[in-house]
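Visitor: Below is a structure I'd like to ask you about.
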Amino acid sequence: MSKLKLKIVIVGAGNVAWHLAKELQKNDQEILQIYNRSVGSAISLARRLKCDFTSSVDDLNKEADLYILAVTDSAISEVSKSLMLNNKLIVHTSGAIEKDCIEHERSGVFYPLQTFSKEKSLNFKNIPFCIEATKSEDYNTLMRLATLLSPIVYNINSHQRKVLHVAAVFACNFSNFMYMMADDILQKEQIPLEILQPLIKETASKIKKLKPKEVQTGPAVRRDKSTIDAHLNYLEKGAHFDIYKILTETILDKNKDEL
Numbered sequence: 005m006s007k008l009k010l011k012i013v014i015v016g017a018g019n020v021a022w023h024l025a026k027e028l029q030k031n032d033q034e035i036l037q038i039y040n041r042s043v044g045s046a047i048s049l050a051r052r053l054k055c056d057f058t059s060s061v062d063d064l065n066k067e068a069d070l071y072i073l074a075v076t077d078s079a080i081s082e083v084s085k086s087l088m089l090n091n092k093l094i095v096h097t098s099g100a101i102e103k104d105c106i107e108h109e110r111s112g113v114f115y116p117l118q119t120f121s122k123e124k125s126l127n128f129k130n131i132p133f134c135i136e137a138t139k140s141e142d143y144n145t146l147m148r149l150a151t152l153l154s155p156i157v158y159n160i161n162s163h164q165r166k167v168l169h170v171a172a173v174f175a176c177n178f179s180n181f182m183y184m185m186a187d188d189i190l191q192k193e194q195i196p197l198e199i200l201q202p203l204i205k206e207t208a209s210k211i212k213k214l215k216p217k218e219v220q221t222g223p224a225v226r227r228d229k230s231t232i233d234a235h236l237n238y239l240e241k242g243a244h245f246d247i248y249k250i251l252t253e254t255i256l257d258k259n260k261d262e263l
């Protein structure tokens with residue numbers, strides 16, 4: 005099998021586009037153009053990649069093999085409809101949106117399961133990719149492309165991907181929000197967040213070998229009412245109090261059958 009070499013147009017210039025375009029180029033894929041409605045963002049990414057850019061759909065390069073829509077979920081359908089392309093493979097990178105949101109004959113999904121920030125570098129070899137396509141030959145192309153970037157590639161349909169995305173929100177976005185709340189609490193007492201980092205790392209590392217349920221600890225699991233009450237008294241009323249109370253009651257409920 006010959007080495008994969010695709011001509012690619014990236015639609016979007018946000019966090020996902022920023023990282024994905026760079027990694028594709030690093031793996032010998034040709035980025036022809038960045039298309040983004042905000043010309044400033046398009047120029048910034050195009051300069052980094054040393055490729056063409058446009059903010060007008062009329063100037064979209066129509067010679068690419070693959071068009072990757074790395075745009076917000078709410079924009080995928082509208083943007084895909086605006087692309088006047090015939091017999092071209094168009095994919096999106098969303099975890100929550102169905103493949104058929106792209107109303108073209110050749111559609112697909114190229115979903116990297118990771119949180120992306122422009123300022124934080126990533127090792128793509130550790131990022132799972134979820135692949136889906138309307139046509140089998142396009143699926144094979146996306147599979148080959150994904151395996152260039154990462155050894156962790158899954159055949160995931162739209163329903164499975166939506167469920168996966170829900171789970172990812174709990175595991176990533178909600179967890180990070182808990183870190184934000186912890187930081188709020190610590191800042192009031194002038195305690196640095198860094199003091200929690202070893203605890204956070206150890207908690208995350210445990211689920212590599214054990215189920216999360218098996219490693220759950222804390223006053224709610226122990227049904228330590230005095231400690232729970234002391235925490236609630238400190239937090240008083242407000243968002244921190246409400247979330248602590250809801251999570252504690254949920255953990256108590258999930259563990260009641262094991263007592």
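Using this note's numbering, the letters of the sequence shown correspond one by one to residues 5 to 263. C-beta atoms are modelled at their ideal positions from N, C-alpha and C, and glycine is treated no differently. Just so it is clear, the structure is predicted and the values come from calculations on it, not from any experiment.
#1: Determine the direct distance from the alpha carbon of Val61 to that of Ser86, and round the result to whole angstroms.
#2: Evaluate the contact criterion for the segment 178-186 versus the segment 126-140: three or more CB pairs, one atom per stretch, below 8 Å.
#3: Go ahead and label Glu253 buried or exposed: buried means 16 or more other beta carbons lie within 10 angstroms of its beta carbon, across all protein chains shown.
#4: For Cys134, which beta-bridge partners are listed by DSSP?
#5: I'd like the span of the alpha helix (DSSP H) that includes Val219, first residue to last.
#6: Counting Cβ pairs, one atom from each stretch, are 3 or more of them under 8 Å apart for the segment 161-168 and the segment 23-40?
#7: In three-state terms, what does DSSP make of Ile232?
#8: Secondary structure at Asp56, three-state DSSP: helix, strand or coil?
#9: Taking the beta strand (DSSP E) that His96 belongs to, which residues open and close that run?
#10: Would you kindly check if the distance between the Cβ of Val157 and the Cβ of Ile72 is under 8 Å?
#11: Just checking my contact of Ala100 with Lys11 at CB under 8 Å: how many whole Å lie between their CB atoms?
#12: Let's test the definition: count the other Cβ atoms within 10 Å of the Cβ of Thr97 and tell me whether it reaches 16, buried, or not, exposed.
#13: Measuring only the C-alpha atoms, how far is Leu263 from Pro223?
Guide: Considering the structure as presented:
#1: Within the model, the alpha-carbon separation for Ser86 versus Val61 is close to 7 Å.
#2: Flag = no, the segment 178-186 and the segment 126-140 do not touch.
#3: With fewer than 16 Cβ atoms within 10 Å of its Cβ, Glu253 is classed as exposed.
#4: Tyr115, Tyr158, per the DSSP bridge assignment.
#5: Secondary structure note for Val219: its alpha helix (DSSP H) is the uninterrupted segment 216-219.
#6: Contact between the segment 161-168 and the segment 23-40 is absent, because fewer than three Cβ pairs lie under 8 Å.
#7: Of the three classes helix, strand and coil, the one that applies to Ile232 here is helix, per DSSP.
#8: For Asp56, the secondary structure class from DSSP, reduced to helix, strand or coil, is strand.
#9: It spans 93-96 - the beta strand (DSSP E) in which His96 sits, taken as one unbroken run.
#10: Their beta carbons are not under 8 Å apart, which means Ile72 does not touch Val157 by this criterion.
#11: Contact between Ala100 and Lys11 is ruled out by a C-beta separation of about 28 Å, above the 8 Å threshold.
#12: So Thr97 ends up on the buried side.
#13: Reliability of the predicted coordinates at Leu263 is poor, the pLDDT of 45 falling under 50, and the value obtained from them is presented with this limitation in mind. Approximately 14 Å between the Cα atoms of the pair.
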